[in-house]
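Protein chains: 2
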Amino acid sequence: MDKYDALKLDNQVCFPLYAVSKGIVSHYQPYLDEIGLTYTQYIVMMVMWEKKEANVKDLGAKLYLDSGTLTPLLKKLEAKKLIKRTRDKKDERNLIISLTSEGEALKEKAVNIPLAMAKCLHISEEESKNLYIILRKLMKDFYE
Amino acid sequence: MDKYDALKLDNQVCFPLYAVSKGIVSHYQPYLDEIGLTYTQYIVMMVMWEKKEANVKDLGAKLYLDSGTLTPLLKKLEAKKLIKRTRDKKDERNLIISLTSEGEALKEKAVNIPLAMAKCLHISEEESKNLYIILRKLMKDFYE
DNA sequence: TAGAAAAAGATTGCATACAATTTAATCGTA
DNA sequence: TACGATTAAATTGTATGCAATCTTTTTCTA
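First to last, the protein sequences are chains E and U.
When we follow the working numbering, the leftmost residue of the first sequence carries the number 1, and every step to the right adds one.
When we follow the working numbering, the leftmost residue of the second sequence carries the number 1001, and every step to the right adds one.
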């Protein structure tokens, strides 16, 4: 137990977070491959399935991503014909993102992914709830 | 409560993980800026401070990163004169990474970072321990 | 109402990540 | 001991992320 102990990887809580986050995304990938999305594209589509319509700012606020990430990603989703990008006539600064019928239809194929992923996480219901609560607390800390 | 509920962002445990992981890294950045490292460079240095010597494979196993990520990153650390990269005379396939005196010295400047970061996480000791245990369980799941 | 300030995206630059492939060195074995 | 298999890094290609800056449009206010 020396003064450098805190600097050891195994004593950190941040590193497991970083590692598990990456692990989860890579576990998603086989399922996401079936519907032709990356993880980031998937969470954007999740917001769209729920909201039907949003601008870049809305998406960024919900997903904690900025336009530097979203702009090229949204262009890719548009190229896949899953969304439309149109300027708001009332305020040309706004880019309105909306679902195409193909984008809406993809929801049916995605609907089983959350359960499939939940089965990959071998933790109890209680641990999962606990994890959720702590993470939400940290998100509040970081982003509010 | 419809069949699409599981697809909502707020009902996912994976998204908070992804968001908190990014949040932590960005909270590290001001401290890391002071010692001129990115987060990934920092965790590589953490392993080096502990092990003194390692090859790319060792680092990858410890950090869950592959050579595609590590090779360019290690070249940058070498350019900063924090590490040396030398081929193993016994087995030329091995690239031996070792600390320079500058790299070793940087440990002194880094030693306060973990505590500073811990103070940023506004969760109780118990929650922190709990989080650590659950994350370690998930890491085992994903990577073993 | 003209010009400054603010807002929303887009762009640029840099640093990861990871899959897939390639290269070079070593090992295993027929 | 040749040579195919394996191993360790490096390379290539694609997709994020984020900071900083730029552009366009709108809002605010002197």
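Every residue gets a Cβ at the ideal spot worked out from N, C-alpha and C, and that includes glycine.
With contact counted as at least three CB pairs below 8 Å, one residue from each stretch, are the region 63–75 of chain E and the region 125–132 of chain E in contact? no
Nearest-angstrom Cα distance between residue 55 (chain E) and residue 1130 (chain U)? Looking up residue 55 (chain E) in the first sequence gives position 55. Looking up residue 1130 (chain U) in the second sequence gives position 130. Going by the C-alpha atoms only, they are around 38 Å apart.
Check whether the Cβ of residue 1031 (chain U) lies closer than 8 Å to any Cβ atom in chain E. Within the second sequence, residue 1031 (chain U) is the residue found at index 31, counting from 1. Answer no: the Cβ-Cβ gap between residue 1031 (chain U) and chain E never drops below 8 Å.
In angstroms with no decimal places, state the Cα-to-Cα distance between residue 1045 (chain U) and residue 75 (chain E). On the second sequence, position 45 is the one that residue 1045 (chain U) refers to. On the first sequence, position 75 is the one that residue 75 (chain E) refers to. Approximately 37 Å, taken between the alpha carbons.
Just to make sure I have the definition right: I need the residues of chain E whose C-beta is within less than 7 Å of the C-beta of residue 1006 (chain U). Which are they? Sequence index remark: in the second sequence, residue 1006 (chain U) carries index 6 (1-based). Those are 114 and 115, listed as they occur along chain E.
DSSP on residue 1094 (chain U), reduced to helix/strand/coil? Your numbering for residue 1094 (chain U) matches position 94 in the second sequence. Looking at residue 1094 (chain U) - three-state DSSP - the assignment turns out to be coil, as it is neither helix nor strand.
Strand pairing of residue 55 (chain E), partner residues [DSSP]: Translated into the one-based positions of the first sequence, residue 55 (chain E) becomes position 55. Per DSSP, E:96.
Secondary structure at residue 40 (chain E), three-state DSSP: helix, strand or coil? The count along the first sequence starts at 1 and reaches residue 40 (chain E) at position 40. Residue 40 (chain E): helix per DSSP, three-state reduction.
Going by C-alpha to C-alpha distance, which of U:1087, U:1095, U:1119 and U:1040 sits closest to residue 138 (chain E)? Position 138 of the first sequence, counting from 1, holds the residue named residue 138 (chain E). Here the closest residue by C-alpha is U:1119.
Kindly indicate the opening and closing residues of the beta strand (DSSP E) around residue 1076 (chain U). Counting from one through the second sequence, the residue named residue 1076 (chain U) turns up at place 76. From DSSP, residue 1076 (chain U) is part of no beta strand (DSSP E) but of the alpha helix (DSSP H) over 1067–1079.
Could you check what DSSP says for residue 24 (chain E) in three-state terms: helix, strand or coil? Translated into positions along the first sequence, residue 24 (chain E) becomes position 24. In the structure shown, residue 24 (chain E) sits in a helix (DSSP, three-state: H, G or I).
Which whole-angstrom value is the C-beta distance of residue 48 (chain E) and residue 95 (chain E), which I expect to be below 8 Å? For the purposes of this step, residue 48 (chain E) is taken as the residue at position 48 of the first sequence. For the purposes of this step, residue 95 (chain E) is taken as the residue at position 95 of the first sequence. With 8 Å as the limit, residue 48 (chain E) and residue 95 (chain E) do not qualify as a contact, their Cβ atoms being about 13 Å apart.
Minimum Cβ-Cβ distance from residue 54 (chain E) to chain U less than 8 Å: Position 54 of the first sequence holds residue 54 (chain E). No, residue 54 (chain E) lies away from the interface with chain U (no Cβ there is under 8 Å from its Cβ).
Any Cβ of chain E within less than 8 Å of the Cβ of residue 1012 (chain U)? Within the second sequence, the letter at position 12 stands for residue 1012 (chain U). Chain E contact via Cβ: present.
Less than 8 Å between CB atoms is the rule here; does residue 59 (chain E) satisfy it with respect to chain U? Here residue 59 (chain E) refers to the residue found at position 59 when the first sequence is read from its first residue. Taking Cβ atoms only, chain U never reaches closer than 8 Å to residue 59 (chain E), which makes this a no.
For a cutoff of 8 Å on Cβ pairs, would you count residue 62 (chain E) as touching chain U? Counting from 1 along the first sequence, the entry for residue 62 (chain E) is found at position 62. True, the Cβ-Cβ gap to chain U drops below 8 Å.
Short CB-CB distance (under 8 Å) between residue 1085 (chain U) and chain E: The residue given as residue 1085 (chain U) occupies position 85 in the second sequence. Judged by the 8 Å Cβ criterion, residue 1085 (chain U) is not in contact with chain E.
Cβ-based neighbour list, residue 113 (chain E), same chain, cut-off 6 Å, excluding 5 preceding and 5 following: The count along the first sequence starts at 1 and reaches residue 113 (chain E) at position 113. Closer than 6 Å at the Cβ level, and outside the excluded window around residue 113 (chain E), lie 31.
Residue(s) in a DSSP beta bridge with residue 83 (chain E): Translated into the one-based positions of the first sequence, residue 83 (chain E) becomes position 83. Note: residue 83 (chain E) sits in a beta bridge opposite E:99.
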